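When we follow full-length UniProt numbering, the leftmost residue of the sequence shown carries the number 1, and every step to the right adds one.
For each residue, glycine too, the CB sits at the ideal point set by N, CA and C.
All figures in this text were calculated on a predicted structure; none of them were measured in a lab.
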Amino acid sequence: MVKLIAIIGATGLQGGSVLKTFHASGEYKIRAITRNPNSNTVKDLSKKYAGVEWVQADLNDPSSLSKAFSGADFVFGVTNSVDADLIQNIQFEDFEVEYKQGKNIVDAAIAAKVDSLILSTMYSIKKLSGGKYSGALHLEAKYNAEQYLRSKASQIKGIILHIGSYLENFTRIARITDDQTIEFPFSVKPTTKLPFVDTANDTGPVVKHALENSEECLGLTLEVRGSHYEAQQIAKAYTEATGKPARYSFDEFGYFGFSTEFVERNKKINHKFVTPTEFWKNLKWEGPSK
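Structure follows, in structure tokens:
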């Protein structure tokens, strides 16, 4: 029997990557969950991904999620703390909103008798930094949602997913300097190594591997990261890919999530992770507007 996967955030980077990967395999029924199935984005994706079922649900409404998950074998769940529409009139700093959304996903998946839930969360920066950095409340919310899923291990197969640093974010923070060089400001020293990933291409294969090996991956934290790169390599990679001058600038923070556990797991995943240079070549991004 063909398995059904329900995908939250199918119009975004993470969920969109999962949608692309599972649709390309041709092995699954796909239910894409969105707040607005009548949006132009959904209309465009419906043309691109024939056969996908688009269903309306709201992360703030557990009953809508339970209906959306009905009959699904697997669920991919993700919350988005920086989407103003998602949290509506509630202040961004109110991280309880995002925690409750993560909790709603877990509760709805259990209510719908879903076999496996893979939930995209994050480390606790407060915990990793020994309490030095306690203001990243959206990350703490994701971590708390992760702990909630772990507490329900007797009711649902849970797998945790940690995404590396989005390469896509550099297109948002880039700026053009007076000498017409593209500058990438970021919050770590140039030589700090981070797990930069092409979220739109690297997420889906890891999720597919996790769900197809759910017994092996049960309770694990799987990391979407191909390698670690020095932050300054992002600017160098951009120049290498496009020929345009670029440089890196930094603020005072460090990186506390360094791990090498992903290396052995990646050997089992049928996917070549995108390098920074490949990311820029594929993106064909011309730089920020002046």
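How far does the beta strand (DSSP E) with residue i in it reach, from first residue to last?
i	result
Lys-157	157-163
Thr-221	221-224
Lys-3	3-8
Pro-185	182-186
Glu-53	53-56
Ser-249	246-250
Tyr-28	28-34
Gly-77	74-77
Less than 8 Å between CB atoms is the rule here; does residue i satisfy it with respect to chain C?
i	result
Asn-270	This model lacks chain C altogether, as it is built from one protein chain only.
Start and end of the alpha helix (DSSP H) containing residue i?
i	result
Lys-113	Here Lys-113 belongs to no alpha helix (DSSP H), and DSSP marks it neither H nor E.
Val-125	The amino acid at residue 125 is misidentified as Val; the sequence shows Ile. Ile-125 -> alpha helix (DSSP H) spans 125-128.
Tyr-148	137-151
Ile-269	Run containing Ile-269: none; DSSP gives neither H nor E here.
Ala-174	Run containing Ala-174: none; DSSP gives neither H nor E here.
Phe-95	No alpha helix (DSSP H) contains Phe-95, which DSSP labels as neither H nor E.
Gln-14	13-25
Glu-212	199-212
Which value, in whole angstroms, describes the spacing of the CA atoms of residue i and residue j?
i	j	result
Thr-242	Gln-155	50 Å
Phe-256	Val-188	Its pLDDT being 43, under 50, Phe-256 is placed unreliably by the model, and the measurement read from it follows with that caveat. If you take the alpha carbons of Phe-256 and Val-188, they lie about 11 Å apart.
Asp-198	Ala-112	32 Å
Asn-38	Asp-44	10 Å
Lys-193	Gln-233	9 Å
Ile-163	Lys-142	12 Å
Gly-158	Asn-282	33 Å
Pro-62	Lys-132	35 Å
Trp-280	Arg-175	16 Å
Cys-217	Val-75	15 Å
Gln-180	Glu-230	24 Å
Ser-120	Ser-214	15 Å
Tyr-248	His-271	29 Å
Ile-110	Glu-98	19 Å
Gly-26	Pro-190	42 Å
Ile-90	Lys-100	Bear in mind that a pLDDT of 48 at Ile-90, under 50, signals an unreliable position, so the number given afterwards is only what the model happens to contain. When rounded, the distance between both Cα atoms is 13 Å.
Gly-12	Val-207	15 Å
Phe-250	Ile-182	14 Å
Gln-147	Glu-240	42 Å
Thr-177	Ala-235	14 Å
Ala-108	Tyr-238	42 Å
Ser-129	Ile-269	31 Å
Is there at least one non-hydrogen atom of the ligand FAD closer than 7 Å to the beta-carbon of residue i?
i	result
Ser-129	In the structure on display, the ligand FAD does not appear, and there are no ligands present to speak of.
Using only alpha-carbon positions, find the residue among the options that is nearest to residue i.
i	options	result
Thr-171	Ala-246, Lys-103 and Met-122	Ala-246
Asp-73	Ala-10, Ile-8 and Leu-4	Leu-4
residue 316	Leu-128, Thr-11, Lys-244 and Ala-6	There is simply no residue 316 to check, as the chain begins at 1 and stops at 290 in what is shown.
Pro-276	His-228, Tyr-123 and Gly-51	His-228
Pro-195	Tyr-99, Leu-167 and Phe-22	Leu-167
Phe-69	Phe-279, Ala-24 and Lys-29	Lys-29
Phe-273	Ala-237, Trp-285 and Arg-225	Arg-225
Ala-50	Asp-61, His-23 and Arg-35	His-23
Lys-152	Gly-9, Thr-177 and Lys-103	Lys-103
Asn-80	Ile-110, Glu-216, Asp-178 and Arg-35	Arg-35
His-209	Ser-289, Thr-191 and Ile-118	Ile-118
Lys-127	Glu-98, Pro-190, Asn-144 and Gly-77	Asn-144
Glu-223	Ser-165, Trp-54, Gly-130 and Thr-191	Ser-165
Asn-169	Pro-185, Asp-178 and Lys-284	Pro-185
Gln-14	Thr-203, Glu-96, Ile-125 and Ser-129	Thr-203
Just checking my contact of residue i with residue j at CB under 8 Å: how many whole Å lie between their CB atoms?
i	j	result
Ser-17	Asn-201	6 Å
Leu-149	Val-106	5 Å
Ser-116	Leu-211	6 Å
Leu-19	Ala-10	5 Å
Is the beta carbon of residue i less than 8 Å from the beta carbon of residue j?
i	j	result
Ile-160	Leu-65	no
Pro-205	Thr-21	yes
Tyr-123	Leu-139	yes
Ala-32	Val-2	no
Gly-77	Ile-8	yes
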